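Comments concern the structure below.
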Amino acid sequence: MRTEETRLVLDTNTLISRMLVPQGTAGRAVDKSLAQGVLLASEETLTELANVLSRHKFDRYVSLEARRQFLQLLGGVVRVIPIQHRIQACRDPKDDMLLHVALNGEAQYLVTGDQDLLILGSDFWKSHGLRILSPADYLALP
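Counting from 1, position 101 in the sequence shown corresponds to residue 101 in the UniProt record's numbering; the numbering is continuous, with no gaps.
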């Protein structure tokens with residue numbers, strides 16, 4: 001049962017790229033998704049994002065406080081999806097959590113730069129109605 005709203009899942013790297021380079025391709029894809037649809041996440045994907053953003057390697061680019069604010073703002077706009085059904089489809093099992101969010105949340109799009117997800121491409125569209133797109137390909141959509 002699909003809803004009329006556009007529902008999207010954005011991977012961790014796409015979201016981090018938005019924070020680091022707001023006017024970059026990934027940043028613009030995040031902005032478009034927030035303007036045109038509903039961003040979906042799970043507790044697991046939000047935890048992963050928080051863990052990655054807490055890494056010291058980001059200290060030289062963005063303050064810890066700015067990263068915390070980013071997470072807080074994101075938490076206020078995402079719809080957290082409970083994961084009831086799981087699949088194993090990705091060659092990198094860690095990436096399956098994004099597919100779980102997309103399928104349980106009935107997302108139309110998963111935006112990622114991860115080749116382990118992008119390679120699923122049209123086969124996943126045919127079997128699950130989910131388009132897995134790079135940020136650039138998502139931006140090219142009307």
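Even glycine gets a Cβ: it sits at the ideal position worked out from N, Cα and C. From a predicted model like this one, the values you see are computed outputs, not experimental measurements.
Residue environment for V77: exposed (fewer than 16 other C-beta atoms within 10 angstroms of its C-beta). Taking V111 as reference, the option from D31, H85 and E4 with the minimal CA-CA separation is D31.
A Cβ-Cβ contact shorter than 7 angstroms links P135 with A26. In the DSSP annotation of this structure, the continuous segment of the alpha helix (DSSP H) that includes R28 starts and ends at T25 to Q36. 7 angstroms or more divides the Cβ of L40 from the Cβ of I87. Proximity of the segment 6-24 to the segment 100-115 meets the contact definition, three or more beta-carbon pairs being nearer than 8 angstroms. R67 sits buried, since 16 or more C-beta atoms from the chains shown fall within 10 Å of its C-beta. Our two residues, S127 and L71, have alpha carbons roughly 33 angstroms apart in a direct line. R7: member of the beta strand (DSSP E) spanning R7 to L10, first to last residue. Shown here for I132: same chain residues with a beta carbon closer than 7 angstroms to its own, the five before and five after excluded, namely L110, T112, L117, L118, L120, G121 and F124 in chain order. Within its own chain, the residues whose Cβ lies closer than 6 angstroms to the Cβ of S42, once the five positions on either side in sequence are excluded, are I81, I83 and V101, listed in chain order. Between L98 and T14 a beta carbon distance of about 10 angstroms is seen, past the 8 angstroms cut, so the two are scored as non-contacting.
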